[in-house]
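Below: the structure, in structure tokens.
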Amino acid sequence: MATDRAVPRDADEFGAWVRPHLMAMKHLAVRLAPTGDHDDIVQEALLRAWLRRSTFDPDRGSVQTWLLAIVTDRARRIRRRAWSVLRLVDERNGSVAGAQPDPVDPALDIAVRQLPRRQRMVIELYYFLGLPVAECAAVLGIAEGTVKSTLSDARSRLRALLEVTE
Amino acid sequence: MNELDRRLTDAGTRFRAIPQALPSLPDLDRRRRRGWLIPVAMTGAAAVVAAVVIPLVALGGGDTARVRAPVTNPSSSHVPESANAESYAVAPPLLRAPTGPVSLRKPPCTPADVTAKAATATASDGVLGLITIHGAGCSVAVDPATITLLDAAGQPLDVAVGPGNPTNPVQAVRPDIAQGVGSVKVGFAWTGAYCGPAAASVRLAALPGEQSELTIPLTGPAPRCAPNAGSRLVPGLVGSDSPQVAVEPAPVAWSGLTASIEPIGTVHQDALTFTVVLANRTATAIALSDPCPRYEVSASAPVPVGTMSSGTGGSLCSERLVVPAHGSIRIPITASFTGATTDRWRPGGTVHLAWAIAGVPTAETDAIIAAD
């Protein structure tokens, strides 16, 4: 059985290695590409991970953080390579049309998408994927302190965007 | 925990609770053996190779043995679905080229690997058909042009196969991926009136290799019987069943519609709002239900470096829209960007907007990007 410390040698080992993290990869891809490219992103990330599996360093983070970092990179590249995404808002019932279920808090969703990239990423990883600060830092390749300060900045920006006063 | 923190935590918890299909793993062994791990820039070449090789494999044996696939839903429990349901929606034309990695191809399905079902739903002109095929860990090769309706004795019904609405025809989004992962749905329309023997099953080429045909029991209504009236079978598309995409062809009646976008002065990139007008040139009301259309939207505008094209789609299935004779309806659309904030349109530039449903010419307009 593959573990975090054993880089897989063949496709079967690779499958066992990444399988526990597929849902987290899917969740992040859905958050970063909510209108349909997420399956492509996950597949590209898995191919990338397979090709570059020898570069995985367990001392720098877990398999999950390594895979999520690849998903993040693939999502950014797909968007830059091809299309950004328009999200349709159905004014008649206030819902957002698209391939994914309606967001649970549309106003919050729109505000999160307006954040600068790093702020958005820490919000996505910390709140929407539920990762602890240390894993957010490993995915983004930044210090834990930077994650905390970026979270604080992101919350401030969200308060302004959502006109939340506390 | 303050209000914003609670809101974020709650949104995250509820997001993670939304059921998501588990991603499948690429077939890495097969890709490695065949040298399919190629740069994305070469996917066009890969597609050409696949297009040449796959038909040769499918036709090689010349064996057309009939295979009856297992049925996942017994016909006795079948409840006909409304043709206005999303699952029967008319596919849109594509305003942007599909992107993504090379298709994922699993081992070819054999009949024993496959479950399938087929059903019809009453439409405004006849019925719509929906065939769903699932291969267990294998690839299928469905060809909608081969769909044939059979009676209880397995004989083809006297139903001509013909083209549907030729205007702005429906297009499929990456059918190669759906076929490769073996989870597809296929649409067809059976239009007009029909008085012959009942359709008991549907046959189509669906599997790679020698035993390519499946015969699938068909449930649901047939077109009404009217003397001296003909009927026609219009093949639809192959699409993904998970996530579902629209696969039905457009009704011929929609060719009586024109689409336009009301003039827009300036647009703001954080809230792109415009109104589509569908006008009926004919003396007969045209329903956009039974079936309902999915639509595509695209916006193209200059950004600080180059031009950015963006797009998405939606459906008009939540309402039973009817365009009155010689009248029109207005459809308000609002969109916002999910792209990076660095991908901003250049203020003062021109954005080109397009909106399309199948069977109706695409509506297009230009607007000036406001300085926010």
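Heads up: the sequence lines are chains A and B, in that order.
Take the first sequence: its letters are residues 60 to 225, numbered as in the working numbering.
Take the second sequence: its letters are residues -1 to 370, numbered as in the working numbering.
Beta carbons: idealized from backbone N, C-alpha and C, even for Gly.
Discussion item. Quick check: B:W252 and B:G325, are their CB atoms within less than 8 Å of each other?
Written reply: no
Discussion item. So, for B:S313: in the same chain, excluding its five sequence neighbours on each side, which residues have a beta-carbon less than 8 Å away from its beta-carbon?
Written reply: E84, A87, A244, C290, P291, R292, Y293
Practice prompt. Report the neighbours of A:F187 on chain B: residues whose CB is nearer than 8 Å to its CB, in chain order.
Written response: A9, G10, F13, R14
Worksheet item: Which residues, in order along the stretch 96 to 124 of chain A, keep a beta-carbon less than 8 Å from a beta-carbon of chain B?
Response: D96, D98, D99, V101, Q102, E103, L105, L106, W109, L110
Item to complete: With 8 Å as the C-beta to C-beta threshold (strictly closer), list the residues of the stretch 199 to 221 of chain B near chain A in chain order.
Response: So nothing in the stretch comes that close.
Item to complete: Within the stretch 173 to 253 of chain B, note down every full beta strand (DSSP E) run reaching 3 residues or more, in order along the chain.
Response: 181 to 190, 199 to 203, 211 to 217, 229 to 238
Item to complete: Anything in chain B within Cβ reach of A:M84, meaning under 7 Å, just list it in chain order.
Response: P21
Item to complete: Could you check the C-alpha separation between B:P330 and A:R177 for me, to the nearest Å?
Response: 34 Å
Item to complete: Identify every residue that forms a DSSP beta bridge with B:V159.
Response: B:L231
Practice prompt. Inspect the beta-carbon positions of B:P90 and B:A187 and report whether they are closer than 8 Å.
Written response: no
Discussion item. Within the continuous beta strand (DSSP E) that includes B:E362, where are the two ends?
Written reply: 361 to 367
Discussion item. Nearest by alpha-carbon distance to B:L351: which of B:S287, B:G263, B:A116 is it?
Written reply: B:G263
Worksheet entry | For A:V198, the first and last residue of its enclosing beta strand (DSSP E) | Taken as a continuous stretch (DSSP letters only), A:V198 belongs to no beta strand (DSSP E), being part of the alpha helix (DSSP H) at 192 to 199.
Fill in: B:T271, enclosing beta strand (DSSP E) - first and last residue
270 to 278
Worksheet item: In chain order, what residues of the same chain have a beta carbon less than 7 Å from the beta carbon of B:S371, not counting five sequence neighbours either side?
Response: With chain B running from -1 to 370 in the structure shown, residue 371 of chain B is simply not present.
Item to complete: Could you check which residue in B:P173, B:G254, B:A15, B:G135 has the C-alpha nearest to that of B:A277?
Response: For the residues B:P173, B:G254, B:A15, B:G135, the minimum Cα distance to B:A277 belongs to B:G254.
Worksheet item: What does A:V89 touch in chain C if you count any residue whose Cβ is under 9 Å from its own?
Response: In the structure shown, chain C does not exist; the protein chains are A and B.
Fill in: CB contact below 8 Å: A:V223 versus chain B
True, the Cβ-Cβ gap to chain B drops below 8 Å.
Worksheet item: Would the beta-carbon of B:I327 fall within 8 Å of that of B:G346?
Response: no
Worksheet item: For A:A166, which residues does DSSP report across the bridge?
Response: None; A:A166 has no bridge partner.
Worksheet item: Going by the CB atoms, is the gap between A:Q173 and A:L210 shorter than 8 Å?
Response: no
Item to complete: With a 10 Å radius around its C-beta and 16 neighbouring C-beta atoms as the bar for buried, classify A:R119 as buried or exposed.
Response: The residue is exposed, with fewer than 16 neighbouring Cβ atoms inside 10 Å.
Worksheet item: What separation, rounded to the nearest whole angstrom, lies between the Cα atoms of B:D239 and B:V182?
Response: 5 Å
Worksheet item: Are the Cβ atoms of B:G234 and B:G185 separated by less than 8 Å?
Response: yes
Worksheet item: Which chain B residues are close to A:R68, counting only those with a beta carbon under 7 Å from its beta carbon?
Response: Simply none; closest approach about 12 Å.
Fill in: Proximity below 8 Å, CB of A:V171 to CB of A:V206
no
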